[in-house]
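For reference, the structure discussed in these notes is given below.
Residue numbers (the working numbering): 1078 to 1218.
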């Protein structure tokens, strides 16, 4: 029946344990950020009257959630008998956030080229990059 067809695949390690571990770590980071943001909003700490409060809180929480991201990624990778732990930590801190930042930067470049006042200022980009590389990435280690 069905079990006899899949019995050899059940305990087989994944073909890309590094990418799986990075995805689990980043997912933990996003889940922790979302849960804590929602709890703070439900308790009234993030009022809609404070413009930008929710965005600031989520950026700060995403930065601080690097600790559980690195922990979950490393535990998963160790369980899968991975050996490239330095690559794992660098990818956990930079891979998915880098894709999002690159997309955000390209979209902002288009907005800026049209002369819109809705473009994010250069100083904000520097602040985001410094939060990312000086706080979030080291917390993954």
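Virtual Cβ for every residue (Gly too), placed ideally from N, Cα, C.
Q) How about residue 1217 and residue 1146: do their beta carbons lie closer than 7 Å? A) yes
Q: Compare the C-alpha of residue 1092 against each of 1123, 1141, 1159 and name the closest.
A: 1159
Q | Contact under 7 Å by Cβ, residue 1098 with residue 1153 | A | yes
**Q.** residue 1172 versus 1131, 1202, 1102, 1183, residue with shortest Cα-Cα distance
**A.** 1102
Q) Are residue 1150 and residue 1169 touching if we call contact CB-CB under 7 Å? A) yes
Q.
Using the three-state DSSP reduction, which class does residue 1109 fall into: helix, strand or coil?
A. helix
(Q) Beta-carbon within less than 6 Å of residue 1113's beta-carbon, same chain only, minus the 5 sequence neighbours each way: which residues are those? (A) 1138
Q. Taking DSSP as the reference, what is the three-state secondary structure of residue 1091?
A. coil
Q) In terms of alpha-carbon separation, which member of 1207, 1108, 1156 lies closest to residue 1220? A) Coverage of the chain is limited to positions 1078 through 1218, which leaves residue 1220 absent and any answer about it impossible.
(Q) Quick check: what's the CA-CA separation for residue 1196 versus residue 1104? (A) 29 Å
Q. So, residue 1123 versus residue 1131, is the Cβ gap smaller than 7 Å?
A. yes
Q: Would you decide whether residue 1080 is buried or exposed? Buried here means 16 or more other CB atoms lie within 10 Å of its CB.
A: exposed
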